[in-house]
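Student: In the working numbering, the protein residues as written are 146 to 349.
There's a structure below that I have some questions on.
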Amino acid sequence: MPRIDRPALLVVEGLALVAAALAPVSMPVLGLLVIGSISVWVRGRSWFATTRAPALLVAGGAAVGAIALALALAISPALSALTGRAVEWSQFAIARGAVQGALVAAVWVTAFALATEMVFRGWVLTRVREIAPQVGPSGAIAIAALLEAAITPGHAAIRIGALAMGVGCGTLFVGGGARLAAPLACRLVFELGSVMLTWLELVR
């Protein structure tokens, strides 16, 4: 296994996060996944150690995702009235009323959800807890969620949504013993549910 000095690794990781926040690309998280995977590898860790989880934990994460989706549906009319713009439920317009489009969107959403949780929970949040244990679990959750919001492309409302999802998924990650299964289940239920609602044309 290659050896990389801790300061050098931290510099590379930090530069990658800054570049992802500033780069004019639509899905910077995919590039970060490469850097995060290298960081995990050179530190002698494994993604598999964070993915195994009891079925009950996965079910709990899925239930949280379903509740979050229901709450988002309930408050979306008020948000639309407050902001003067419709809530964007899905960025995949091809899913609207089209089975093939919905399937394509579902595949992209699944891949994006997996990459996002691996990057911001499996890598960033875990690294914050290692490097700065004094911030505590709540601080690490907040830092990872803020970075997720900063890197997420889009306007302020989209970034606020990313922040809220990041806090929720981070809480599930820490509460579930640093396992990715629960936050991933939560995000998948929410995101795939949004695609389904778009396909059924129940939301804009």
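Glycine included, every Cβ here is placed at the ideal spot set by N, Cα and C.
The structure presented is a predicted model; accordingly, all values stated were derived computationally and were not measured.
Roughly how many angstroms lie between the CA atoms of residue 322 and residue 315, to the nearest whole one?
Tutor: As a first step, residue 322 must be located in the sequence shown, where it is residue number 177. As a first step, residue 315 must be located in the sequence shown, where it is residue number 170. Looking at the two C-alpha atoms, the distance is approximately 11 Å.
Student: Is the Cβ-Cβ distance between residue 289 and residue 259 less than 7 Å?
Tutor: Position 144 of the sequence shown, counting from 1, holds the residue named residue 289. Position 114 of the sequence shown, counting from 1, holds the residue named residue 259. Taking 7 Å as the Cβ cut-off, residue 289 and residue 259 do not qualify as a contacting pair.
Student: Here's the rule I'm using: 16 or more other beta-carbon atoms within 10 Å means buried, otherwise exposed. How should residue 186 be labelled?
Tutor: The residue you call residue 186 lines up with position 41 of the sequence shown. Answer is exposed; the Cβ neighbour count stays below 16.
Student: Assess contact between the segment 281-295 and the segment 191-210, defined as three or more Cβ pairs (one per stretch) separated by less than 8 Å. Is contact present?
Tutor: Touching, no, given that fewer than three Cβ pairs across the two stretches are closer than 8 Å.
Student: In this structure, does DSSP put residue 310 in helix, strand or coil?
Tutor: Taking the first residue of the sequence shown as 1, we reach residue 310 at position 165. Reduced to three states, the DSSP call for residue 310 is helix.
Student: Between residue 274 and the rest of its own chain, which residues show a CB-CB distance below 6 Å, the 5 nearest in sequence each way excluded?
Tutor: Against the sequence shown, residue 274 aligns to sequence position 129. Excluding positions up to five away in sequence, the list reads 285.
Student: Using DSSP with H/G/I as helix, E/B as strand and the rest coil, what is residue 193?
Tutor: Here residue 193 refers to the residue found at position 48 when the sequence shown is read from its first residue. Three-state DSSP puts residue 193 in a helix.
Student: I'd like to know if the segment 290-306 and the segment 203-215 are in contact, where contact means that at least 3 CB-CB pairs between them fall below 8 Å.
Tutor: No: fewer than three Cβ pairs fall under 8 Å.
Student: When the distance is taken between beta carbons, is residue 252 closer than 7 Å to residue 330?
Tutor: Counted from its first residue, the sequence shown places residue 330 at position 185. Counted from its first residue, the sequence shown places residue 252 at position 107. No.
Student: Which value, in whole angstroms, describes the spacing of the CA atoms of residue 346 and residue 214?
Tutor: Translated into the one-based positions of the sequence shown, residue 346 becomes position 201. Translated into the one-based positions of the sequence shown, residue 214 becomes position 69. Their backbone Cα atoms lie some 16 Å apart in a straight line.
Student: Throw me the rounded Cβ distance for the residue 340 and residue 247 pair, which I believe falls under 8 Å.
Tutor: Numbered from its first residue, the sequence shown carries residue 340 at position 195. Numbered from its first residue, the sequence shown carries residue 247 at position 102. Indeed, because the Cβ distance is near 6 Å, the residues count as touching under 8 Å.
Student: Nearest to residue 266 by alpha carbon, out of 245, 227, 177, 218?
Tutor: On the sequence shown, position 121 is the one that residue 266 refers to. It is 177.
Student: Relative to the C-alpha of residue 332, which residue among 261, 320, 301 is closest?
Tutor: Here residue 332 refers to the residue found at position 187 when the sequence shown is read from its first residue. The shortest Cα separation from residue 332 among 261, 320, 301 belongs to 261.
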